[in-house]
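Visitor: Chains as they are written, first to last, in my numbering: chain C, 127 to 846; chain Z, 19 to 143.
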Amino acid sequence: LCPFLPRFVGPPVLKFIVVVDVFTYLNAAMGVGFLSLGALAAWQWRRRGDPPSPYIALALASLGIIVLIGLEEDIAGEQQSEVLEFFSLVLFMASAYFLLLFRHSIIPLARVWRIVLTVAVVASLVVLLVHPLPESDHPDYTPLELVILFFVIGTWSFCIGEPAITFWRVSRSRPLVQRTRLRALSGAYVALILIIFVAVFASIGGQPTGVQAITTISVLLLIPVLWTAFAPPQWMRRAWRAREEEFRLIEDLAVYAVDRHEIAQRALNRALRLAGADGGFIVSTDEIIAVEGIDTTEARRLLDIRSVQEDPQRWTEAGGQNVVIFSLRSEEGEEAMGLVSGRMAPVFGSDELRQLSQYAELVGVALARVRLVEELRDQTESNEALLHAISDLGEGFVVTQNGRLDYANEAYLRMTGYTFEELKGLPSLLELSLPEEREALAERMRRRLAGGQVSDHYEAGFLTKDGRRIDAEVAVKLLQTPSGPRVISIIRDVTERKRAEAFRSQFIQNAAHELRTPTTAMVGFADLLDSRRGELDEQEMTSISEALNRQGERLRVLVANLLDITRLQEGRIPLKLEALGLGEVLTEVLQSNPAPENKSVAVESPMDITVLADKLRLEQILTNLLVNAYRYGGRRIAVDASTNGDGVLVSVSDDGPGVPGNLMPSLFEPFSRGEDATKVGGSGLGLAIVRMMARAQGGDVWYDGREQAGAKFVFKIPRA
Amino acid sequence: MKPLKILVVDDEPDIRSLVVMILEGAGHTVIEAPDGQKGLDLLANDNPDVVLLDLRMPVLDGWEFMRRVREQGLGNARMIGVSAHASPDSIREAQEAGCDGYVSKPFTMKELLTAVEGPGDGSTS
C-alpha cells in the first residue's frame, strides 16, 4: 500500500510543475475539507450530545491528516520519511476502523465480527511494518506482496463497504425519516470508498492531466455531500420530513378521534415518524395511554428520571439515547409526550424540537377534545343503560313532544305491539288511549303544559295493535328542553294485576256466598232446635238432623276445596311424583266413590298403564270427574285410557245432556257450575281444582265436545 | 195474629224446609217453589199474602221474578227478598226492584218472622 498513499497526493506533480501547483492546492483543499468535517462533527457531538459523532469526527480528521501529510511530499518534492509514511498508513486504517465503530454504534455489530475486523486491522499494520511494500510508479510485486496488498485493501474496504450495505439493507424497513437518514449514511460510506479509489486511480502514473484534474475536483465536490450525509443540516432534515408532513397531521388527529387511547397511539406514532425516533410514550395523569418502541416500565422510568433532571424537557440517557419530553396542553391532570431517539436517527435538532412541540400542542388539544367526547359518550351510555334497565323491568318509557312520540323503549313497544316507526307516525300517542278517556287525558296534558297542578300519577287504559285493552299506571314528568317542552312517561302494565285483583275479589264474593247457604241452614236449624225444643215431633227431628249433616258435610267439602284452590294458586301444594298403576288408582277411587243407585261406571280399557303422578292428587282428579258425572251426567258413565306420546289420556264420559254452551268458556274457572247444581250439591270448585292439579303435575284437562251425546272430560298426565 | 199464606221460593231444599218449619211453627200456611218459574205459577194460582223470595237462583232468579210480577200485575202479595248480601246497597237495590222487606242470610227465627209478619206483630204471636 506504501506506494499508493504518496501517489494519492500525486508524485506526477514533479514532472508537470505547472499542473502540480493546481493539484497541490486542490489536495490541500481536500485535506482541510476533511479536517473541517471532523471538527464540525466534534463540535456537534459537544453541543448536541450525539453519541456516535466522535467516531465520524475521528475518521474524517484522520483522512484530512493523511491528505495533509501527503502534501508535505509534494511541497518538499522528495520522498517522505518512513515514519511519516507509516503514520499515514496507521491513520488510513484507523479511519476505516472508526467508520466501522460508527456503524457499530448505530447498528451493533456481532461480537465475533468486531473481534475479527479489529484483529485484521491491527494485523495489516503489523504486516506492513514488518514488510513494507515497494514504492514505485510501476511496482513489480512478488506473490507475497500481492497477498499482503489484497489483504490490507480488503480489510479497509470491508470496514467501510459492509456498513454501507448494512445501512442500506436496514433502511428498507424503517419509517421515512429514519430510512432517508440511513440511506444518506450508506451513500456517504460509498462516497468515501469512491474518493479513495478515485484518488488512487488518479495518482497512478501515465494518466492524462485532464483526467487527473477531473477526478480530483470530483473528490473535492464529494466532501460537502459527505457532510450532509454524516450530519444532515436543518434544511435537509426538513426536506426528509416534508413527505411525512404531507399526511396532514391536524386532520388526522381530528377526524379519527375515536377514543383517547387510539388517538394517543396515533399521535405518538406520527411523532415518532416525524422525529425519526425509536420509541416514545404519552402519559395522562399517571396512566400511560400510548407507548411504542419501548415498554411501559421503561416509559415510567424515563418519567421518573425527568423529575430529577435540571432541564426536564431534554436530556441524554445513560444508554446513550436522547430523550425529549413535551408537556401537552391540558386543563386537568398532567399529560406529556416523551420521545426516545433512535440509534438510526439520533438527532433531535432544534428544528425537530420546535416542530414536535407544535405537534404536541395539537395532540394536547385533540386529547382534550376526545376526553370531552368520551365523557359525553359515557354519559349517553349510562343514560341508555338506565333506559334499558327500565325496559328490562318491564316498564314502558316514552318521551313525547306535543303528543308526538320522540322515544319509546323496548318494553313499551312490546306492551303496545307497535313498531317504533308506526308509533312515530301517529299525530299523537293519545290515539292509543281508550276513546272514552281520550278527551280527559288531552285536557290533563293541556293543563300540565300550561303549568297547572296535575298529579304526576294516574291510571289509564289503552289499546294494543291487536285490539287488546291494557290497563296502565302512568307516571309523568314535564321536561323543559332547548327544543321545547317534552313529556316523559313511565308506563306500567297493570292489566294482569287488575285481572288478578278482580278475580280474587270475585272469588271471595263467590266463596262467601257459597258459605252462606250451609251457614244459614245450620244457624237456622240450631235456632229452631233451641226455641222449639219439645214441640218438634220425631219426623221433624229426623229431617233437621239430616239437613244439619248434609250442610255440615257441604261446608266441610267447601272449606277443603277453598283451601286447595288457594294453595294451588299459590303453588304451595307439595307434589310427590311417583310411578302409579292407573288401574289400581281408579279401582280405589271407585271403591270410595261408588256410582249412585241409578248410574253405572264402565271401565273400557285394560288400564295397565303406568303414569307419573302424585297419588293423592290423581285420586282427587278422578274423584272430581266421576262425582261430576254422577251429579250432572247421564246414567251410563265410561272411563277410558290411552297413551299419547309421552303422556296418558284418561277420559270420563257419560250419555247425559253434556255441558251447556254458555258454561263452556268458564268451565274450569272456580264457582262456575250448571243451573241445577244446587240440586246435586256442587260447589263449583271441582273442575277448577281438577285443572289446577293436572297442570301442577305436568298435565292438563279439557272438555271434548265433539261427541254429540253426553259430556266427555279428558285429562292428560305424563307417562312413567 | 192472623195466619198468613206464605209462598217460599228458594232453590236450596234444606233452606226451604227450615223456612217451612219456622213459619208453620208460627201458625202460618206455607207453599213452596224450588225455582222462579214454579213460584210465578203458585203466585198466580194460590194468591199468597207474602212471598219470601231468594234473589239468587238458577233458571229464573229473584230479580227476574219481580220484573215478571210487575209485568203480569201479580203485585198484591208482600215481597220479601232473601239474599246473602247484607250491604245497604243490596237492600236499596232490592227495594227499588219492588221488595217490601229484606232478609239477609244467615238469619235467625226472629229476623225471619219479623220480616214476614211485619214489625210489632212478631212479639204478639
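Each residue gets a CB set at the ideal place from its N, CA and C atoms; glycine is no exception. Predicted model only: the values in this text are computed from it and were never measured.
M98(Z) touches chain C at which residues, Cβ-Cβ below 7 Å?
Guide: Position 80 of the second sequence, counting from 1, holds the residue named residue 98(Z). For clarity, residue 98(Z) is Ile in the given sequence; the question names Met instead. Simply none; closest approach about 15 Å.
Visitor: Put K603(C) into one of helix, strand or coil per three-state DSSP.
Guide: As a first step, residue 603(C) is located in the first sequence; it is residue number 477 there, counting from the start. K603(C) falls in the strand class under three-state DSSP.
Visitor: Answer with buried or exposed for E565(C), where buried requires no fewer than 16 other C-beta atoms within 10 angstroms of its C-beta.
Guide: By one-based count along the first sequence, residue 565(C) stands at place 439. Answer is exposed; the Cβ neighbour count stays below 16.
Visitor: Taking the C-alpha atoms as reference points, what is the distance between R392(C) and L217(C)?
Guide: For the purposes of this step, residue 392(C) is taken as the residue at position 266 of the first sequence. For the purposes of this step, residue 217(C) is taken as the residue at position 91 of the first sequence. About 48 Å.
Visitor: Please go through the same chain and pick out, in chain order, the residues whose beta-carbon is closer than 6 Å to the beta-carbon of I191(C), but skip the five residues on each side of it.
Guide: Position 65 of the first sequence holds residue 191(C). For I191(C), where only same-chain residues beyond five positions count, the Cβ hits under 6 Å are L217.
Visitor: Below 7 Å between beta carbons is the criterion; list the residues of the segment 29 to 53 of chain Z that meet it against any residue of chain C, in chain order.
Guide: Of all residues in the segment 29 to 53 of chain Z, D29, E30, D32, I33, S35, L36, M39, I40, G43 have a Cβ within less than 7 Å of some Cβ in chain C.
Visitor: Would you say P124(Z) lies against chain C (beta-carbon separation less than 8 Å)?
Guide: Residue numbering aside, residue 124(Z) sits at position 106 when the second sequence is read from its first letter. Output row for P124(Z): interface = yes.
Visitor: Going along chain Z in order, which residues have a C-beta closer than 8 Å to the C-beta of G757(C)?
Guide: Position 631 of the first sequence, counted from the first residue, corresponds to residue 757(C). As written in the sequence, residue 757(C) is Arg, which differs from the Gly given in the question. The contacting residues do not exist; R757(C) stays about 14 Å from chain Z at best.
Visitor: Look at the alpha carbon of V273(C) and the alpha carbon of L347(C), and state the distance between them as a whole number of angstroms.
Guide: Counting from 1 along the first sequence, the entry for residue 273(C) is found at position 147. Counting from 1 along the first sequence, the entry for residue 347(C) is found at position 221. Distance between the alpha carbons of V273(C) and L347(C): 33 Å.
Visitor: Only counting the same chain, and skipping five residues up and downstream in sequence, which positions put a Cβ closer than 8 Å to that of V253(C)?
Guide: For this step, residue 253(C) is matched to residue 127 along the first sequence. So the list reads I274, F277, V278, once near-sequence residues are dropped.
Visitor: Determine contact between the segment 816 to 823 of chain C and the segment 699 to 708 of chain C, defined as no fewer than three beta-carbon pairs at a distance below 8 Å.
Guide: In short, these stretches touch, since the Cβ pair count reaches three.
Visitor: Enumerated in chain order, which unbroken segments of the alpha helix (DSSP H) with a length of 4 residues or greater are wholly contained in the segment 652 to 718 of chain C?
Guide: Segments of the alpha helix (DSSP H) lying fully in the segment 652 to 718 of chain C: 664 to 695, 708 to 718.
Visitor: Could you give the DSSP three-state label for I233(C): helix, strand or coil?
Guide: Translated into the one-based positions of the first sequence, residue 233(C) becomes position 107. Coil, per DSSP.
Visitor: Measuring only the C-alpha atoms, how far is R399(C) from E418(C)?
Guide: As a first step, residue 399(C) is located in the first sequence; it is residue number 273 there, counting from the start. As a first step, residue 418(C) is located in the first sequence; it is residue number 292 there, counting from the start. Answer to the nearest angstrom: the Cα atoms are 11 Å apart.
Visitor: Helix, strand or coil: which one does DSSP assign to L36(Z)?
Guide: Start at 1 with the first residue of the second sequence, and residue 36(Z) comes out as number 18. Of the three classes helix, strand and coil, the one that applies to L36(Z) here is helix, per DSSP.
Visitor: Quick one: give me the first and last residue of the alpha helix (DSSP H) that M541(C) is part of.
Guide: As a first step, residue 541(C) must be located in the first sequence, where it is residue number 415. Segment 536 to 542, the alpha helix (DSSP H) holding M541(C).
Visitor: Examine chain Z for any beta-carbon lying closer than 8 Å to the beta-carbon of D663(C), and answer yes or no.
Guide: The residue labelled residue 663(C) in the question sits at position 537 within the first sequence. It does not; no Cβ of chain Z falls within 8 Å.
Visitor: Would you mind sorting Q665(C) into buried or exposed? The rule is 16 or more other CB atoms within 10 Å of its CB.
Guide: Start at 1 with the first residue of the first sequence, and residue 665(C) comes out as number 539. With fewer than 16 Cβ atoms within 10 Å of its Cβ, Q665(C) is classed as exposed.
Visitor: I need the boundaries of the beta strand (DSSP E) containing L465(C), first residue and last residue.
Guide: Reading the first sequence from its first residue, position 339 is the one you call residue 465(C). Residues 461 to 466.
Visitor: So, with DSSP's three-state summary, where would you put A598(C)?
Guide: Position 472 of the first sequence, counted from the start, is the residue given in the question as residue 598(C). DSSP places A598(C) in strand when its eight states are reduced to three.
Visitor: Here's the rule: buried if 16 or more other CB atoms are within 10 angstroms of the residue's CB, otherwise exposed. What is D107(Z)?
Guide: Counted from its first residue, the second sequence places residue 107(Z) at position 89. So D107(Z) ends up on the exposed side.
Visitor: Can you find at least 3 beta carbon pairs, one from the segment 34 to 47 of chain Z and one from the segment 76 to 92 of chain Z, that sit closer than 8 Å?
Guide: Output reads no: the segment 76 to 92 of chain Z does not touch the segment 34 to 47 of chain Z.
Visitor: Starting from Y829(C), trace the beta strand (DSSP E) in both directions and tell me its first and last residue.
Guide: The residue given as residue 829(C) occupies position 703 in the first sequence. Segment 826 to 829, the beta strand (DSSP E) holding Y829(C).
Visitor: At what residues does the alpha helix (DSSP H) containing S283(C) begin and finish?
Guide: Taking the first residue of the first sequence as position 1, residue 283(C) is located at position 157. Start and end: 269 to 297.
Visitor: To the nearest angstrom, how far is it from the Cα of F134(C) to the Cα of M219(C)?
Guide: As a working note, residue 134(C) is residue 8 in the first sequence. As a working note, residue 219(C) is residue 93 in the first sequence. Because F134(C) carries a pLDDT of 44, less than 50, the predicted location of this residue cannot be relied on, and the following value inherits that uncertainty. Roughly 15 Å between the two C-alpha positions.
Visitor: Taking the Cβ atom as the reference point for each residue, do L775(C) and V683(C) lie within a distance shorter than 8 Å?
Guide: Position 649 of the first sequence, counted from the start, is the residue given in the question as residue 775(C). Position 557 of the first sequence, counted from the start, is the residue given in the question as residue 683(C). Taking 8 Å as the Cβ cut-off, L775(C) and V683(C) do not qualify as a contacting pair.
Visitor: Which same chain residues end up closer than 7 Å to P52(Z) when comparing Cβ atoms and leaving out the 5 residues on each side of it in sequence?
Guide: The count along the second sequence starts at 1 and reaches residue 52(Z) at position 34. Cβ within range, chain order: D29.
Visitor: Does the separation of the CB atoms of A739(C) and I843(C) fall below 8 Å?
Guide: As a position in the first sequence, residue 739(C) is number 613, starting the count at 1. As a position in the first sequence, residue 843(C) is number 717, starting the count at 1. Result yes, Cβ atoms of A739(C) and I843(C) sit closer than 8 Å.
Visitor: May I have the straight-line CA-CA distance separating Y223(C) from A187(C), to the nearest angstrom?
Guide: Counting from one through the first sequence, the residue named residue 223(C) turns up at place 97. Counting from one through the first sequence, the residue named residue 187(C) turns up at place 61. Their backbone Cα atoms lie some 13 Å apart in a straight line.
Visitor: What residues from chain B crowd round R642(C), counting only those whose CB sits closer than 7 Å?
Guide: Included in the structure are the protein chains C and Z, with no chain B among them.
Visitor: Measure from the C-beta of R676(C) to each C-beta in chain Z and report whether the shortest distance is under 8 Å.
Guide: Start at 1 with the first residue of the first sequence, and residue 676(C) comes out as number 550. Yes, R676(C) lies at the interface with chain Z (some Cβ there is under 8 Å from its Cβ).
Visitor: Nearest chain Z C-beta to S792(C) closer than 8 Å, yes or no?
Guide: Numbered from its first residue, the first sequence carries residue 792(C) at position 666. No, S792(C) lies away from the interface with chain Z (no Cβ there is under 8 Å from its Cβ).
Visitor: If you follow the alpha helix (DSSP H) that F83(Z) is part of, which residue opens it and which one closes it?
Guide: The residue labelled residue 83(Z) in the question sits at position 65 within the second sequence. Element bounds for F83(Z): 80 to 90.
Visitor: For R845(C), which beta-bridge partners are listed by DSSP?
Guide: In the first sequence, counting from the first residue as 1, residue 845(C) sits at position 719. V737(C), per the DSSP bridge assignment.
Visitor: Could you give the DSSP three-state label for E418(C): helix, strand or coil?
Guide: In the first sequence, the residue the question calls residue 418(C) occupies position 292. It is a strand residue.
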